[in-house]
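Novice: Going line by line, the protein sequences match chains A and B.
Every number in the numbering used here is 20 more than the matching position in the first sequence, counting from 1.
Every number in the numbering used here is 20 more than the matching position in the second sequence, counting from 1.
In this text, a Cβ means the ideal position worked out from N, Cα and C, and glycines have one as well.
Remember, predicted model here, so these are calculated numbers, not experimental data.
2 protein chains.
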Amino acid sequence: MKANTFLYDRIASEIEQQITQGVLRIGDRLPSLRIICERYDVSQSTALQAYYQLEARSLIESRPRSGYFVHRSPKKHLPLPGVSAPGQTTGGALHEVISRVYQDMGRNGAIPLSLGVPALELLPVAKLNKGLLRAMRSLAGSGLEYEQVQGNADLRRQVARFYSNERQTLTEEDLVITSGCMDALAMSLMAVTQRGDAIAVESPVYFGILQLAQSLGLRVIELPTHPQTGVEVDALKEVLTKGQVQACLLVSNFNNPLGSLMPDEHKQEVVRLIQHYGVPLIEDDLYGEVYFSSERPRSCRSFDDSGLVLWCSSVSKTLAPGYRVGWVAPGKFKEEVLRRKLYHSIAGTTITQEVIAGFLETGRYAHHLRGLRHTLQANALRYTRAIAEYFPEGTKVSQPQGGFMLWLELAEQIDSVALYERAMRQNISIAPGNMFSLQDQYRNCMRLSYGMPWNEKLEDALRRLGKLIM
Amino acid sequence: MKANTFLYDRIASEIEQQITQGVLRIGDRLPSLRIICERYDVSQSTALQAYYQLEARSLIESRPRSGYFVHRSPKKHLPLPGVSAPGQTTGGALHEVISRVYQDMGRNGAIPLSLGVPALELLPVAKLNKGLLRAMRSLAGSGLEYEQVQGNADLRRQVARFYSNERQTLTEEDLVITSGCMDALAMSLMAVTQRGDAIAVESPVYFGILQLAQSLGLRVIELPTHPQTGVEVDALKEVLTKGQVQACLLVSNFNNPLGSLMPDEHKQEVVRLIQHYGVPLIEDDLYGEVYFSSERPRSCRSFDDSGLVLWCSSVSKTLAPGYRVGWVAPGKFKEEVLRRKLYHSIAGTTITQEVIAGFLETGRYAHHLRGLRHTLQANALRYTRAIAEYFPEGTKVSQPQGGFMLWLELAEQIDSVALYERAMRQNISIAPGNMFSLQDQYRNCMRLSYGMPWNEKLEDALRRLGKLIM
Numbered sequence: 021m022k023a024n025t026f027l028y029d030r031i032a033s034e035i036e037q038q039i040t041q042g043v044l045r046i047g048d049r050l051p052s053l054r055i056i057c058e059r060y061d062v063s064q065s066t067a068l069q070a071y072y073q074l075e076a077r078s079l080i081e082s083r084p085r086s087g088y089f090v091h092r093s094p095k096k097h098l099p100l101p102g103v104s105a106p107g108q109t110t111g112g113a114l115h116e117v118i119s120r121v122y123q124d125m126g127r128n129g130a131i132p133l134s135l136g137v138p139a140l141e142l143l144p145v146a147k148l149n150k151g152l153l154r155a156m157r158s159l160a161g162s163g164l165e166y167e168q169v170q171g172n173a174d175l176r177r178q179v180a181r182f183y184s185n186e187r188q189t190l191t192e193e194d195l196v197i198t199s200g201c202m203d204a205l206a207m208s209l210m211a212v213t214q215r216g217d218a219i220a221v222e223s224p225v226y227f228g229i230l231q232l233a234q235s236l237g238l239r240v241i242e243l244p245t246h247p248q249t250g251v252e253v254d255a256l257k258e259v260l261t262k263g264q265v266q267a268c269l270l271v272s273n274f275n276n277p278l279g280s281l282m283p284d285e286h287k288q289e290v291v292r293l294i295q296h297y298g299v300p301l302i303e304d305d306l307y308g309e310v311y312f313s314s315e316r317p318r319s320c321r322s323f324d325d326s327g328l329v330l331w332c333s334s335v336s337k338t339l340a341p342g343y344r345v346g347w348v349a350p351g352k353f354k355e356e357v358l359r360r361k362l363y364h365s366i367a368g369t370t371i372t373q374e375v376i377a378g379f380l381e382t383g384r385y386a387h388h389l390r391g392l393r394h395t396l397q398a399n400a401l402r403y404t405r406a407i408a409e410y411f412p413e414g415t416k417v418s419q420p421q422g423g424f425m426l427w428l429e430l431a432e433q434i435d436s437v438a439l440y441e442r443a444m445r446q447n448i449s450i451a452p453g454n455m456f457s458l459q460d461q462y463r464n465c466m467r468l469s470y471g472m473p474w475n476e477k478l479e480d481a482l483r484r485l486g487k488l489i490m
Numbered sequence: 021m022k023a024n025t026f027l028y029d030r031i032a033s034e035i036e037q038q039i040t041q042g043v044l045r046i047g048d049r050l051p052s053l054r055i056i057c058e059r060y061d062v063s064q065s066t067a068l069q070a071y072y073q074l075e076a077r078s079l080i081e082s083r084p085r086s087g088y089f090v091h092r093s094p095k096k097h098l099p100l101p102g103v104s105a106p107g108q109t110t111g112g113a114l115h116e117v118i119s120r121v122y123q124d125m126g127r128n129g130a131i132p133l134s135l136g137v138p139a140l141e142l143l144p145v146a147k148l149n150k151g152l153l154r155a156m157r158s159l160a161g162s163g164l165e166y167e168q169v170q171g172n173a174d175l176r177r178q179v180a181r182f183y184s185n186e187r188q189t190l191t192e193e194d195l196v197i198t199s200g201c202m203d204a205l206a207m208s209l210m211a212v213t214q215r216g217d218a219i220a221v222e223s224p225v226y227f228g229i230l231q232l233a234q235s236l237g238l239r240v241i242e243l244p245t246h247p248q249t250g251v252e253v254d255a256l257k258e259v260l261t262k263g264q265v266q267a268c269l270l271v272s273n274f275n276n277p278l279g280s281l282m283p284d285e286h287k288q289e290v291v292r293l294i295q296h297y298g299v300p301l302i303e304d305d306l307y308g309e310v311y312f313s314s315e316r317p318r319s320c321r322s323f324d325d326s327g328l329v330l331w332c333s334s335v336s337k338t339l340a341p342g343y344r345v346g347w348v349a350p351g352k353f354k355e356e357v358l359r360r361k362l363y364h365s366i367a368g369t370t371i372t373q374e375v376i377a378g379f380l381e382t383g384r385y386a387h388h389l390r391g392l393r394h395t396l397q398a399n400a401l402r403y404t405r406a407i408a409e410y411f412p413e414g415t416k417v418s419q420p421q422g423g424f425m426l427w428l429e430l431a432e433q434i435d436s437v438a439l440y441e442r443a444m445r446q447n448i449s450i451a452p453g454n455m456f457s458l459q460d461q462y463r464n465c466m467r468l469s470y471g472m473p474w475n476e477k478l479e480d481a482l483r484r485l486g487k488l489i490m
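#1: Which of helix, strand or coil does DSSP assign to residue 434 (chain B)?
#2: Note down, in chain order, each residue of its chain lying with its Cβ closer than 7 Å to the Cβ of residue 80 (chain B), except the 5 sequence neighbours on either side.
#3: Looking at residue 104 (chain A): is its Cβ nearer than 8 Å to the Cβ of residue 277 (chain A)?
#4: Which same chain residues, not among the five before or five after residue 159 (chain B), have their C-beta less than 6 Å away from its C-beta?
#5: Between which two residues does the beta strand (DSSP E) carrying residue 219 (chain A) extend?
#6: Along chain B, in chain order, which residues have C-beta atoms closer than 7 Å to that of residue 366 (chain A)?
#7: With residue 293 (chain A) as the anchor, note down where its alpha helix (DSSP H) starts and where it stops.
#8: Can residue 145 (chain A) and residue 455 (chain A) be called in contact, C-beta distance under 8 Å?
#9: Taking DSSP's pairing of strands, which residues face residue 331 (chain B) in a bridge?
#10: Kindly indicate the opening and closing residues of the alpha helix (DSSP H) around residue 411 (chain A).
#11: So with CB distances below 8 Å, who are the chain A contacts of residue 206 (chain B)?
#12: Could you check how far apart the C-beta atoms of residue 318 (chain A) and residue 187 (chain A) are, in whole angstroms? I think they sit under 8 Å.
#13: Whose C-beta lies closer than 6 Å to the C-beta of residue 65 (chain A) among residues of the same chain, with five residues either side of it excluded?
#14: Give every residue of the same chain whose Cβ lies closer than 6 Å to the Cβ of residue 364 (chain A), excluding the five residues on either side of it in the sequence, and list them in chain order.
#15: Who are the Cβ neighbours of residue 414 (chain B) in its own chain at under 6 Å, not counting the five residues just before and after it?
#16: For the 8 Å Cβ check, are there 3 or more pairs between the segment 438–448 of chain B and the segment 418–425 of chain B?
#17: Work out the CA separation of residue 179 (chain A) and residue 377 (chain A) for me, nearest whole Å.
#18: Is it right to say residue 40 (chain B) is buried, meaning 16 or more other beta carbons lie within 10 angstroms of its own, or is it exposed?
#19: Against chain B, with Cβ distances strictly below 8 Å, would residue 461 (chain A) count as a contact?
#20: Return the residues of the segment 140–166 of chain B that lie within a Cβ-Cβ distance of less than 7 Å from chain A, sorted by chain order.
#21: Where does the unbroken alpha helix (DSSP H) through residue 242 (chain A) begin, and where does it stop?
#22: Using 8 Å as the limit for Cβ to Cβ distance, is residue 370 (chain A) near chain B?
#23: Which term fits residue 99 (chain A), buried or exposed, when burial requires 16 or more other beta carbons within 10 angstroms of its beta carbon?
#24: Among B:478, B:270, B:153, B:383, whose alpha-carbon lies nearest the alpha-carbon of residue 330 (chain B)?
#25: Since residue 471 (chain A) and residue 260 (chain A) are thought to touch, with beta carbons under 8 Å apart, how far apart are those beta carbons, to the nearest angstrom?
#26: Could you pull out every residue in the same chain whose Cβ sits closer than 7 Å to the Cβ of residue 165 (chain B), ignoring the five residues on either side in sequence?
#27: Chain A beta carbons: is any one of them nearer than 8 Å to that of residue 473 (chain B)?
#28: Taking 8 Å as the threshold (C-beta atoms), are residue 307 (chain A) and residue 337 (chain A) in contact?
#29: When you check each C-beta in the segment 306–322 of chain A against every C-beta of chain B, which residues fall closer than 8 Å?
#30: In chain A, which residues lie less than 8 Å from residue 231 (chain B) when you measure between Cβ atoms?
#31: Is residue 41 (chain A) helix, strand or coil by DSSP?
#32: Run down chain A in chain order and give the residues with a C-beta less than 7 Å from the C-beta of residue 340 (chain B).
#33: Three Cβ pairs or more, each shorter than 8 Å: is that satisfied between the segment 196–211 of chain B and the segment 338–352 of chain B?
#34: Could you name the residues that DSSP lists as bridge partners for residue 251 (chain A)?
So this is what it looks like as C-alpha cells:
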C-alpha cells in the first residue's frame with residue numbers, strides 16, 4: 021500500500037509540473053485514465069488517486085462523460101479552522117434547530133448536505149439482500165427466536181477476526197452486540213457513570229452524544245480540539261488531574277463533525293492518562309473503517325491493557341444503517357453492559373445480526389469498504405475543490421483523512437442558522453455549527469456531508485450555497 | 021362468539037352426565053370429533069372446546085392417534101393459590117438463580133418448562149418468511165436506511181387499526197415503535213421516573229421488570245395480588261394515598277407469572293385512582309391477545325382520558341420474539357419517550373417493522389392468533405389435568421384465562437430452587453418462585469410455561485416433575 025501512495029503522488033507531481041510549465045494549459049484535456057494506467061503501469065485506482073489529488077488542489081476538473089481537464093480557476097488554498105476553544109462551563113442547552121434539521125432532512129427533493137449516513141447509492145443493497153435470504157434459510161427459526169443477550173456468536177467471532185491483528189487481540193467473548201453504535205454508547209455510559217457525573221468530550225462533537233448525556237443526567241465538559249489531531253491532550257489531562265470527570269467519550273478516528281484523527285502518540289498518551297486516573301474511556305470508533313490513507317488507524321483500545329477502554333462501533337455508517345447492528349468491547353465493564361442490555365431490551369434483532377456475520381465472513385465487507393473509501397475520498401476532494409471555488413474568501417475547511425464530513429468555519433459575522441433557513445428555501449439542507457456544542461458557539465460554522473454520489477446537482481448545490489454566504 | 025361458549029358448555033355437560041350416570045365408563049372411547057360435529061351441528065373447534073373442558077376436569081383423556089377416552093383417575097379439584105402477601109419493604113435482592121435458569125434454558129435437550137416465549141412450532145415461520153421477502157422488495161433501500169424515530173408509519177397505522185374499537189381510539193400518531201416490550205417499558209420508566217423514585221408492581225411479578233427497575237435506581241413496592249383478578253386495588257390505593265410511589269407498572273391482562281386478569285371494574289378504578297393522584301400508570305399488555313374467553317380483554321388505557329397511561333405491548337409473545345418489534349402509546353409522555361428513543365438508539369430495525377406491518381394488514385396476525393389461542397388454551401387444560409394427576413395432594417395452581425404461564429404453590433416445606441436443581445438433573449427446566457420477587461418469598465412456588473406443543477414427552481416431564489416434589 022505504501023508503494024501505491026508513492027506512485028500516485030509521483031504521477032500527480034509530474035502532471036502538476038506539466039501544468040505549471042505550460043505543457044498542459046487551462047482547458048486542455050488530460051490523458052484518459054486508461055492511458056495513465058499504461059504509461060505508468062499502474063492500476064486504475066492508482067491513476068484515479070492521482071487525478072483526485074490534482075482535482076482537490078483545483079488543478080484539474082472532471083467533466084461528466086468527457087474526462088479530466090486543466091482547471092480554469094487559479095489554485096486556491098483553503099486554510100484549516102482553528103483549534104476549538106469551548107467555554108469551561110458544563111451547562112448549556114442544545115439549539116432547538118436540531119429537531120428542525122431532522123425534520124427537514126426527510127423533505128422530498130432537498131439535497132441533504134446535513135446527512136449523517138452515506139447515501140443508499142453507496143451501499144451494497146443487492147448483496148445484502150442475498151445475505152438476508154441466506155440468513156433466513158440458515159437460521160433455525162428464520163430469525164424468529166430470541167438471539168443471545170450478548171449477540172450472535174458468529175457475528176462476534178467475525179467482528180473479532182476483522183479487528184484482530186498484531187497490535188490488538190479481540191475475541192468473541194470480548195464483544196457485546198448492540199442496536200447500533202448509539203446503543204453501545206448509551207449502554208457504556210450507563211455502565212460507567214451515575215446521574216450528576218461529568219464526562220469529557222471533543223468540541224465540536226456529534227449532537228447525539230450531547231443529547232444522550234443530557235438525558236442520562238450527565239454534565240458535559242467540552243474540550244479544545246484540533247481539526248486534524250483531535251482532542252487537545254493537555255486539556256484532557258487538566259480535567260483528569262483536577263478530577264473533574266468520571267468518564268471520557270472520544271471519537272478517536274475521523275471525529276464527527278471535525279474529521280480529526282488522533283495520532284498514535286496522542287492515543288497512547290490518552291490511554292496512559294485514563295489508566296493513571298482510573299477514569300473509563302468510551303471510545304466511539306464508528307468511522308474508523310473509512311480511512312483515506314493506506315492503513316486503518318489504530319484504536320485507543322489497542323494501546324490499553326487495563327480494561328478501562330470501552331470500544332464502540334457499528335456498521336451503520338458504512339453498510340446498513342437500518343439493520344441496527346453495532347457492538348461494544350466493554351473491557352472490565354462487560355458484566356455491567358450485558359446486564360443493561362438484557363434489562364432494557366433482552367436481545368437485538370436476530371436476522372440482521374446473522375446477515376452482517378455472513379457479510380464479514382465472506383470478505384464482502386472488506387471488499388465493499390475498499391470501494392466506499394475510494395468514493396468518499398474522491399468526494400472529499402471534489403467538495404474541497406468546489407468550496408475553494410464557490411465559497412467566499414476566508415472560508416476555512418477541515419481536511420479530513422477519513423469519514424464523510426467536512427467542517428467549515430465561515431467569516432465571524434455569518435450566522436449559520438440564518439444560512440440554514442436561506443439554504444432550505446433553495447432545497448439545500450446543511451447542519452449549522454451550533455448543533456455541535458452546548459456552549460452556544462460555532463454559529464459561523466457548519467457541517468457538510470459528502471456521503472453522496474458526486475454529480476452536477478451536488479456541484480450546483482455547493483455553488484448556490486456559496487452564493488448564499490454573504 | 022357468545023353462542024359458541026354456550027354450545028361447547030352444553031356439549032360438555034351432556035357428556036359429563038353420561039359419564040356420571042355410567043352410560044360412558046372408565047376406559048370407554050368417546051365419539052370422534054367428527055361425530056360430535058354432526059350430532060350437534062357445530063364446528064370442529066366447538067367440538068374440541070367441549071373435549072378440552074372435559075379433559076381439564078380430568079373426566080376424559082386424549083390418547084395420541086387413538087382419540088378421547090373416559091379417564092381412569094377420579095376427578096380431582098386443584099385449589100387456587102392464595103392472594104399474595106408480599107412484605108412492605110422496597111429493598112431486597114434478586115435471587116442469583118435467574119442467571120442460572122437463563123443459561124440452562126439454552127442447554128440442549130432440556131425440556132424448557134421455564135420458557136418465556138411460545139415455542140417456535142407455534143409460530144408462523146413460513147408466512148413470516150414470505151413477508152420478509154415482500155418487505156425486502158417493497159422497502160426503498162430494502163431496509164438498509166434508518167426508519168423514522170417514531171417507527172414505521174404503516175406499522176403504526178396497522179397497530180392503531182388492530183386495537184381501535186368502540187371502546188378505545190388509537191391513531192398512528194399515538195404510537196411509538198420500540199425494540200420489543202421491555203424496551204417500551206424501559207423508555208416509559210425513564211420518561212416518568214427519576215433515580216430514587218418508587219414504583220408499585222404486582223407480586224409475584226416478571227423478574228425482568230424487577231431487574232429493569234433496579235438498574236434504573238428505582239425502588240419497588242410489591243403489592244398483594246389475586247391469582248384471578250390481579251393486583252388488589254385497595255393495596256394500590258393505599259400506596260397512592262400515602263404518596264409512596266411515583267409510577268405504577270401493572271400487567272393488566274394475564275400477568276406473568278400469575279395469569280391473573282384484572283376485571284373491567286378494577287381497571288376502571290385503578291385508572292380513576294392514578295388520575296386522582298396524578299401518578300402515571302405503565303400498562304404492560306403484552307399477553308392481552310392470548311385470551312381464552314370470547315373477547316379480548318380491555319386495557320386500562322381504554323378507560324383513560326388523561327394521557328397518564330403508557331400502554332405497552334409487542335409481538336414478541338405471540339409472533340416473532342427475535343424481530344424485536346413492540347410499541348408504546350405513551351399518552352402525554354410521547355415527546356419524552358420519543359426523545360429517549362432517539363438518543364439511545366436512533367431508530368428500530370427497519371425491515372422487521374415492515375414485515376409485521378404487512379402481517380397485520382393482510383389479516384394474517386388475527387388468523388394466527390385464533391390458532392395460537394386454541395392451542396394454548398388446550399395446553400393449559402392439559403397441564404392442569406396432568407398436574408392434578410401427577411403432583412402431590414395440596415398442590416395449588418392458577419387458572420389462567422389467557423397467556424401461557426401456570427403458577428403453582430406447593431406445600432410449605434418445598435424449596436423450588438432445590439427442586440430446580442433436581443429437575444435439571446432430569447433435563448427439565450422450571451422457573452423457581454423466588455425469581456419473581458425481591459422479598460425472598462414464593463420459595464415453595466414455581467412457574468411453568470405451557471407454550472409448547474403438547475406431546476407424550478411433555479406429559480412424561482410433568483409426571484417426572486411431580487415425582488420429584490417430595
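Specialist: Let's see:
#1: As a working note, residue 434 (chain B) is residue 414 in the second sequence. Residue 434 (chain B): coil per DSSP, three-state reduction.
#2: As a first step, residue 80 (chain B) is located in the second sequence; it is residue number 60 there, counting from the start. 50, 71, 74, 88, 89, 90, 91.
#3: Within the first sequence, residue 104 (chain A) is the residue found at index 84, counting from 1. Within the first sequence, residue 277 (chain A) is the residue found at index 257, counting from 1. For residue 104 (chain A) and residue 277 (chain A), no; Cβs fall outside 8 Å.
#4: Taking the second sequence and counting its residues from 1, one reaches residue 159 (chain B) at position 139. Only 374 meet the Cβ criterion.
#5: The sequence position of residue 219 (chain A) within the first sequence is 199, counting from 1. It spans 218–222 - the beta strand (DSSP E) in which residue 219 (chain A) sits, taken as one unbroken run.
#6: In the first sequence, residue 366 (chain A) corresponds to position 346, counting from 1. 200, 202, listed in chain order.
#7: In the first sequence, the residue the question calls residue 293 (chain A) occupies position 273. First-last of the alpha helix (DSSP H) with residue 293 (chain A): 284–297.
#8: The count along the first sequence starts at 1 and reaches residue 145 (chain A) at position 125. The count along the first sequence starts at 1 and reaches residue 455 (chain A) at position 435. In this structure, residue 455 (chain A) does not lie closer than 8 Å to residue 145 (chain A) by Cβ.
#9: The count along the second sequence starts at 1 and reaches residue 331 (chain B) at position 311. In DSSP, residue 331 (chain B) forms a bridge with B:303, B:349.
#10: Translated into the one-based positions of the first sequence, residue 411 (chain A) becomes position 391. Neither: residue 411 (chain A) is in no alpha helix (DSSP H) and is coded neither H nor E.
#11: Sequence index remark: in the second sequence, residue 206 (chain B) carries index 186 (1-based). By Cβ distance, chain A contributes 363, 364, 365.
#12: As a working note, residue 318 (chain A) is residue 298 in the first sequence. As a working note, residue 187 (chain A) is residue 167 in the first sequence. Correct: roughly 6 Å between the Cβ atoms.
#13: By 1-based counting over the first sequence, the position of residue 65 (chain A) is 45. Excluding positions up to five away in sequence, the list is empty.
#14: On the first sequence, position 344 is the one that residue 364 (chain A) refers to. Excluding residues within five positions, none has a Cβ falling inside 6 Å.
#15: Position 394 of the second sequence, counting from 1, holds the residue named residue 414 (chain B). Cβ neighbours of residue 414 (chain B) beyond the five flanking positions: 431.
#16: no
#17: For the purposes of this step, residue 377 (chain A) is identified with residue 357 of the first sequence, where counting begins at 1. For the purposes of this step, residue 179 (chain A) is identified with residue 159 of the first sequence, where counting begins at 1. Using only the alpha carbons, I get a separation of about 8 Å.
#18: Numbered from its first residue, the second sequence carries residue 40 (chain B) at position 20. When all chains shown are included, residue 40 (chain B) counts as exposed.
#19: Mapped onto the first sequence, residue 461 (chain A) falls at position 441. Cβ-Cβ to chain B under 8 Å: no for residue 461 (chain A).
#20: 140, 143, 145, 148, 149, 152, 156, 161, 162, 163, 164, 165, 166
#21: Translated into positions along the first sequence, residue 242 (chain A) becomes position 222. Counting along the chain, residue 242 (chain A) falls outside any alpha helix (DSSP H), though it belongs to the beta strand (DSSP E) covering 239–243.
#22: Within the first sequence, numbered from 1, the residue matching residue 370 (chain A) stands at position 350. It does: the Cβ of residue 370 (chain A) has a partner Cβ on chain B nearer than 8 Å.
#23: Numbered from its first residue, the first sequence carries residue 99 (chain A) at position 79. That one is exposed.
#24: The count along the second sequence starts at 1 and reaches residue 330 (chain B) at position 310. Closest by alpha carbon: B:270.
#25: Position 451 of the first sequence holds residue 471 (chain A). Position 240 of the first sequence holds residue 260 (chain A). About 34 Å separates the two Cβ atoms, so there is no contact after all.
#26: On the second sequence, position 145 is the one that residue 165 (chain B) refers to. Hits under 7 Å: 370.
#27: For the purposes of this step, residue 473 (chain B) is identified with residue 453 of the second sequence, where counting begins at 1. No, residue 473 (chain B) does not count as interfacial toward chain A.
#28: Here residue 337 (chain A) corresponds to residue number 317 of the first sequence, with the count starting at 1. Here residue 307 (chain A) corresponds to residue number 287 of the first sequence, with the count starting at 1. It is a contact, given that the beta carbons lie within the stated cut-off.
#29: none
#30: Here the question's residue 231 (chain B) lines up with position 211 in the second sequence. Those are 359, 362, 363, listed as they occur along chain A.
#31: Residue numbering aside, residue 41 (chain A) sits at position 21 when the first sequence is read from its first letter. Coil, per DSSP.
#32: The residue you call residue 340 (chain B) lines up with position 320 of the second sequence. Per Cβ cutoff of 7 Å: 164.
#33: yes
#34: Within the first sequence, numbered from 1, the residue matching residue 251 (chain A) stands at position 231. Beta-bridge pairing links residue 251 (chain A) to A:245.
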